[in-house]
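S.K.:
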Amino acid sequence: MKLIKAEQMKEIDRRATEEYLIPSLLLMENAGLRVLDTIRDLLGETRNSKLVILAGKGNNGGDGLVIGRHLINDGAAVDIFLLGEIENLTADAGVNYNILKKMGGRLLPLKNDEDIKVFTNSLLSADLIIDALYGIGFRGSMDDFESRVVQILNLAKVPVVAVDIPSGVEADTGKVNGTAVRADYTVTLAAPKLGQILAPAQEYVGNLIVADISIPHLLMEDPRYKLNLIDEAMVRKFIKPRAAESHKGTYGHVLVAGGSAGMTGAVILTSCAALRSGAGLVTAALPESLVPILDASVMEVMSRPLPETSAACISLEALPALENLLGTISVCAIGPGMSRYREANAILRFVLENSGVPILIDADGINALEGDAAILKDRQIPIVITPHPRELSRLTGLTVEEIQHNRLEIAHQYATSWGVTVVLKGHNTVIACPSGEVFINSSGNPGMATAGSGDVLSGIIVGLIAQGLTPKNAAIAGVYLHGCSGDKAAAIKGQRGLMAGDLIKYLPYILRELEIS
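All the letters of the sequence shown, read from the start, carry residue numbers 115 to 631 under this note's numbering.
#1: Assuming Pro419 is part of the beta strand (DSSP E), what are its boundary residues?
#2: Does the beta-carbon distance from Val544 to Val534 come in below 8 Å?
#3: With DSSP as the reference, label Ile167 as helix, strand or coil.
#4: Keeping to the same chain, check which residues put their C-beta closer than 7 Å to that of Val232; ignore five residues upstream and five downstream.
#5: Does DSSP put Asp193 in a helix, a strand or coil?
#6: For Leu168, tell me which candidate among Ser138, Ala130, Ser261 has the shortest Cα-Cα distance.
#7: Count the other CB atoms, across all protein chains shown, that sit within 10 Å of the CB of Met452; report buried if there are 16 or more and exposed otherwise.
#8: So Leu369 and Val381 are supposed to be a Cβ contact under 8 Å. How far apart are they, rounded?
#9: Would you list the residues sitting across from Thr702 in a DSSP beta bridge?
#10: Counting only the same chain and skipping the five closest in sequence on each side, list residues whose C-beta sits under 6 Å from that of Glu133.
#11: What's the gap between the Cα of Ala646 and the Cα of Tyr211?
#12: Going by DSSP in three states, Asp245 sits in which element: helix, strand or coil?
#13: Report back the beta-carbon spacing between Ala145 and Ile327 to the nearest angstrom; my notes put them in contact at under 8 Å.
#14: Assign Asp478 to buried or exposed, taking buried as 16 or more other Cβ atoms, counted over all protein chains shown, within 10 Å of its Cβ.
#15: Under DSSP, the beta strand (DSSP E) around Val405 begins and ends at which residues?
#16: If you measure between the beta carbons of Leu612 and Gly561, is that distance less than 8 Å?
#17: Using DSSP with H/G/I as helix, E/B as strand and the rest coil, what is Thr423?
#18: Output needed for Val290: all residues of its chain with C-beta closer than 8 Å, excluding positions within five of it in sequence on either side, in chain order.
#19: In chain order, what residues of the same chain have a beta carbon less than 6 Å from the beta carbon of Asp227, not counting five sequence neighbours either side?
#20: Would you tell me roughly how many angstroms separate the C-alpha atoms of Ser360 and Glu629, rounded to the nearest one?
#21: Counting beta carbon pairs with one atom in the segment 434-443 and one in the segment 404-416, are three or more of them shorter than 8 Å?
#22: Do the CB positions of Asp245 and Val295 come within less than 8 Å of each other?
#23: Measuring only the C-alpha atoms, how far is Glu457 from Ser429?
#24: With a threshold of 16 other CB atoms inside 10 Å of the CB of Arg183, please say whether the residue is buried or exposed.
#25: Please confirm if the segment 601-608 is in contact with the segment 473-490, defined as three or more CB-CB distances below 8 Å between the two stretches.
#26: Less than 8 Å between the CB atoms is what I'm expecting for Thr152 and Tyr299, so what's the real figure, rounded?
#27: What does DSSP give as the partner residues of Ala447 in its beta bridges?
#28: Please state whether DSSP places Lys271 in a helix, a strand or coil.
#29: Tell me whether the beta-carbon of Val570 lies closer than 8 Å to the beta-carbon of His596.
#30: State the beta-bridge partners of Val396 as determined by DSSP.
#31: Give a yes or no on whether the C-beta atoms belonging to Ile524 and Leu512 are separated by under 8 Å.
#32: Does the beta-carbon of Ser556 have 16 or more other beta-carbons within 10 angstroms, so that it is buried, or is it exposed?
#33: Helix, strand or coil, according to DSSP, for Phe259 in the structure here?
#34: DSSP three-state call for Ile279: helix, strand or coil?
#35: In this structure, how does DSSP classify Pro401 when only helix, strand and coil are distinguished?
#36: Can you look up Ile579 in the DSSP assignment and give me helix, strand or coil?
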């Protein structure tokens, strides 16, 4: 699903009107009707209900006026408070204002302290509130009077439905500069807006509902729009039922290279996640002294002992064995539990230079690239890197704060510069592709902020690559599945006690649900 910025949405609206001859009044009518669908679902019966609409002077306010007209026809009692001068209404909003006036709608001004008292009293008897004050064009902060109005609205003890976006939230950044409406439901029009899924806006959006207002599909799928929201529909098409005539070789062979003293668990988690995601075979290559730990922990993963350093890390003497393994596999994950040590860079460089299959670099594999990220460029094999912000900081020289403040832009910049797929982990994990496309994840929860969670993600991604998905699609699906597994585990166990192994445990159930849906 495309994620749209404010100016892009305005362009889409303009083209719908100019190129497809869809009247802007019809788009406004459709917007109001789609929000009305949600209101009816919430109230069940709108007849005899009391609703309050807060409307602004722009087209968002016009949508609110459409909603008010239909609610009156339903038999509801509707108070419509207009914050702004009538003569400043947009043309389409003005048309709907005049229709309501002809119908005898209760249109109330909201300009001064006396009006605020009327507004406050109206809220006390309301069953539901509709926020149609500001739309996606809002920037900056509300003035003092508007802030007072919104603060009063936020104190109401009834559901709030926002039209397109909660008033006071910036559509492109998700920023809230001062006061904003805290909605229980946001009915966004045509497509989700970027800021709606970013912090802190998520706290204000509530349940996000995407409403079709009859914008032509071709306009929404314009290839110039590079931002995408990962959702179930996107991932479902990657999870196909298995053919009856198949065997373990059909589903690929994953190599997981890593491990060091005290961190064998990382290799085990990655390997098990690859198997649980559906890979046919998984081989774990790790320092020879650690093999008994792996073999005692999981029976389904094959082990390959590698020569090791005195600190039980993979040594340079392991390079011939790694070269042989690279010739027998479908995909390689390198780095889980590898540890930070002098030889790590040479080992990683060797794997990149000698592999003919996709490579996923995670954890200490990424740390081994510090000061040497240029090695990623111009490779003939697909590469996926899965850094958290601190690891990407080491690669780029940027601070963690700079990265977190501009996650999308920075992930995009280095994915296109290095020619790799960047999976920047964290809240709303970002997948940036060499093509310039950017995908933002919609699944997951804070309980997944636990040791080993990233190792599981790496295993899911390489497991999907082994089964034939492109690295881009495997990253998209892997991140979403990883988050859904965490959500399912949290629903049963709660967030606080989640462990990485729980994500592996619930992964097959998520895959099954997608296969049969």
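Ideal Cβ placement from N, Cα and C applies to all residues, glycine included.
M.R.: In short, the structure shows the following:
#1: Element bounds for Pro419: 416-420.
#2: no
#3: strand
#4: Leu222
#5: Strand, per DSSP.
#6: Out of Ser138, Ala130, Ser261, the CA that lies nearest to the CA of Leu168 is found in Ser261.
#7: buried
#8: Actually they do not touch by this definition, with Cβ atoms about 11 Å apart.
#9: Absent from the model: residue 702. The displayed extent of the chain is 115 to 631, so no value can be given.
#10: none
#11: Any property of residue 646 remains undetermined from this structure, which presents the chain solely from 115 to 631.
#12: Strand at Asp245.
#13: The pair is a contact, with the Cβ atoms about 5 Å apart (cut-off 8 Å).
#14: buried
#15: No beta strand (DSSP E) holds Val405; the alpha helix (DSSP H) holding it covers 405-411.
#16: yes
#17: coil
#18: Gly282, Val283, Glu284, Pro314, Ala315, Tyr318
#19: none
#20: 17 Å
#21: Too few Cβ pairs lie closer than 8 Å, so no.
#22: yes
#23: 7 Å
#24: buried
#25: no
#26: Right, their Cβ atoms sit about 6 Å apart.
#27: Val370, Leu474
#28: DSSP places Lys271 in coil when its eight states are reduced to three.
#29: If you check the CB distance, Val570 and His596 come in under 8 Å.
#30: Val368
#31: yes
#32: Answer is buried; the Cβ neighbour count reaches 16.
#33: The answer is helix: DSSP assigns Phe259 an H, G or I state.
#34: coil
#35: In the three-state scheme derived from DSSP, where H, G and I count as helix and E and B as strand, Pro401 is classed as strand.
#36: Correct three-state label for Ile579: helix.
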